[in-house]
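A.B. asks:
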Ligand SMILES: N[C@@H](CCC(=O)N[C@@H](CS)C(=O)NCC(=O)O)C(=O)O
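Numbering (my numbering), first residue to last: 3 to 233.
(1) How about residue 25 and residue 60: are their beta carbons less than 8 angstroms apart?
(2) What residues are listed by DSSP as bridge partners for residue 13?
(3) Does the structure place the stretch 51–66 close enough to the stretch 194–210 that three or more beta carbon pairs sit under 8 angstroms?
(4) Could you have a look at residue 54 and say whether DSSP puts it in helix, strand or coil?
(5) Just how far apart, CA to CA, sit residue 180 and residue 193?
(6) Under 8 angstroms, do residue 217 and residue 21 count as touching if we go by C-beta distance?
(7) Which two residues bound the contiguous beta strand (DSSP E) that contains residue 61?
(8) Please list, following the chain, all residues that have a C-beta closer than 5 angstroms to any non-hydrogen atom of ligand 1.
(9) Who are residue 162's beta bridge partners in DSSP?
(10) Rounding to the nearest angstrom, what Cα-Cα distance links residue 27 and residue 109 in this structure?
(11) Compare the C-alpha of residue 224 against each of 170, 199, 185 and 215 and name the closest.
(12) Please work out which residues of its chain come closer than 7 angstroms, Cβ to Cβ, to residue 213, disregarding the five sequence neighbours upstream and downstream, and give them in chain order.
(13) Would you mind giving the Cβ-Cβ distance between residue 73 and residue 89, rounded to the nearest angstrom? I have them listed as a contact below 8 angstroms.
(14) Secondary structure at residue 44, three-state DSSP: helix, strand or coil?
(15) Inspect the beta-carbon positions of residue 164 and residue 222 and report whether they are closer than 8 angstroms.
(16) By alpha-carbon positions, which one of 14, 40 and 8 ends up nearest to residue 33?
(17) So what does DSSP say about residue 154, is it helix, strand or coil?
(18) Ordered along the chain, which non-local residues of its own chain (more than five positions away) have a Cβ less than 7 angstroms from that of residue 200?
(19) Please report the straight-line C-alpha distance between residue 198 and residue 46, rounded to a whole angstrom.
(20) Determine the closest residue to residue 173 out of 95, 10, 103 and 93, with distance taken between C-alpha atoms.
(21) Using 8 angstroms for Cβ pairs, my map puts residue 159 next to residue 202. What's the rounded Cβ distance?
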């Protein structure tokens, strides 16, 4: 595939891993061409660019692919170093942010759908894993306490006025919680319980640019219902 654009982003609109990358590109003011991917019928370019995992997101910069959302975010922050920084410069702040990125990604991987699903629906879809919701609440509780402790000067984002990498990570999936709740008709996870996380999500949703790039709630609701036969 020959692309004229310097930056090409292969993503799927409803995947929060992709939302992370899109928000980061927008916040940093990077121009890019967006190519929506159909994950039920993967394109040859997706397979070629990500032969190991064959997953989105993929960023292609000057013809070279970069895969894995966190790797992509680190790469764009290194390459476009003069626009708004996603990672803090100060080593200790950076280390704390990295710690919570790892924690969030390891613990939340694949959990979002189970977090917001009422037990009977969840059992039908994913088997009798009674602990999913409890585990998710525990994850959020630990995260909430960690954020309060490690980022005491939040205003409103963890490292200041503009969202950084951790805000983007947490926000891009947490912003979907209401849509998941609506799609599935349950409210097992009440984000409002977690004050720091809740404030962060609201602040992110209120940035005018974000309204354009976060998935629209009613589209997401329809997508989830279709995906899990919940109509
Ligand atoms: N660790 C990866 C996860 C990406 C990922 O899981 N992508 C999924 C969408 S949720 C995908 O492309 N799935 C296609 C498939 O598995 O066939 C990242 O952070 O980028």
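No residue lacks a Cβ here, since even glycine has one placed at the ideal position from N, Cα and C. Source: prediction; values computed, not measured.
C.D. replies: So, from the data block:
(1) Result no, Cβ atoms of residue 25 and residue 60 do not sit closer than 8 angstroms.
(2) In the DSSP assignment, residue 13 is bridged to 38.
(3) Between the stretch 194–210 and the stretch 51–66 there are fewer than three inter-stretch CB-CB distances shorter than 8 angstroms, so the stretches are not counted as touching.
(4) In the structure shown, the three-state DSSP call for residue 54 is coil.
(5) Spanning the two alpha carbons is a distance of roughly 9 angstroms.
(6) Their beta carbons are under 8 angstroms apart, which means residue 217 touches residue 21 by this criterion.
(7) That run of the beta strand (DSSP E) goes 60–63.
(8) Here the list is 17, 19, 41, 57, 58, 70 and 71.
(9) By DSSP's assignment, residue 162 forms a beta bridge with 159.
(10) So the alpha carbons of these two residues sit roughly 25 angstroms apart.
(11) Comparing Cα-Cα distances from residue 224 to each of 170, 199, 185 and 215, the minimum goes to 185.
(12) Hits under 7 angstroms: none found.
(13) Their Cβ separation, rounded to whole angstroms, is 13 angstroms, which puts residue 73 and residue 89 out of contact at 8 angstroms.
(14) In this structure, residue 44 counts as coil in the three-state DSSP scheme.
(15) The criterion of a C-beta distance shorter than 8 angstroms is not satisfied by residue 164 and residue 222.
(16) Closest option to residue 33, Cα to Cα, is 8.
(17) In this structure, residue 154 counts as coil in the three-state DSSP scheme.
(18) Excluding sequence neighbours, residue 200 sits near 193 and 194.
(19) Straight-line Cα distance between these residues: approximately 42 angstroms.
(20) Comparing Cα positions, the closest option is 103.
(21) Cβ-Cβ separation between residue 159 and residue 202: approximately 7 angstroms, consistent with a contact (criterion under 8 angstroms).
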